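In our numbering, the protein residues as written are 975 to 1091.
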């Protein structure tokens, strides 16, 4: 099993149940393929650097998971067909990079100067 990180930008909607439905479907796709979800992060609405499909804001969803390579094709197929998803990208993650990021995050929170040196 390989490590992956998938980021998708959803349309900003007034009703959060639409975004919850998309996140639940992503979880279902990963579960059906036998993948393990390591981290699921809903960063909320953020301003985009440029307009995407005439939208200025988007809801960012990040999923880190461990699974077979075939799950990526199924996940991206769903994201391509879903109207709520404006942009998406899935990349393979090196396990050493995942550990290094976790250590930086833990170390940065403990220091009083916010991790700036």
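Beta carbons are placed, not taken as given, at the ideal position from N, Cα and C, and that holds for glycine.
Treat the numbers as computed from the prediction; the structure is a model and nothing was measured.
Per DSSP, residue 987 is not a residue of any alpha helix (DSSP H), being assigned neither H nor E. Between the beta-carbon of residue 1058 and that of residue 997 there is about 10 Å, and that puts the pair past the 8 Å contact cut. Using a Cβ-Cβ distance cut-off of 8 Å, the stretch 1062-1073 and the stretch 1017-1026 are not in contact, since fewer than three pairs of beta carbons, one from each stretch, lie closer than that value. Secondary structure note for residue 1045: its alpha helix (DSSP H) is the uninterrupted segment 1044-1055. A distance of 8 Å or more separates the beta carbons of residue 986 and residue 1041. By the 16-neighbour rule on beta-carbons within 10 angstroms, residue 989 is exposed. Nearest to residue 1004 by alpha-carbon distance, out of 1071, 1046, 1060, 1018, is 1046. Counted as a single uninterrupted DSSP element, the beta strand (DSSP E) harbouring residue 1059 occupies residues 1059-1066.
The shortest C-alpha to C-alpha distance from residue 975 to any of 1006, 981, 993, 1010 is the one to 1010.
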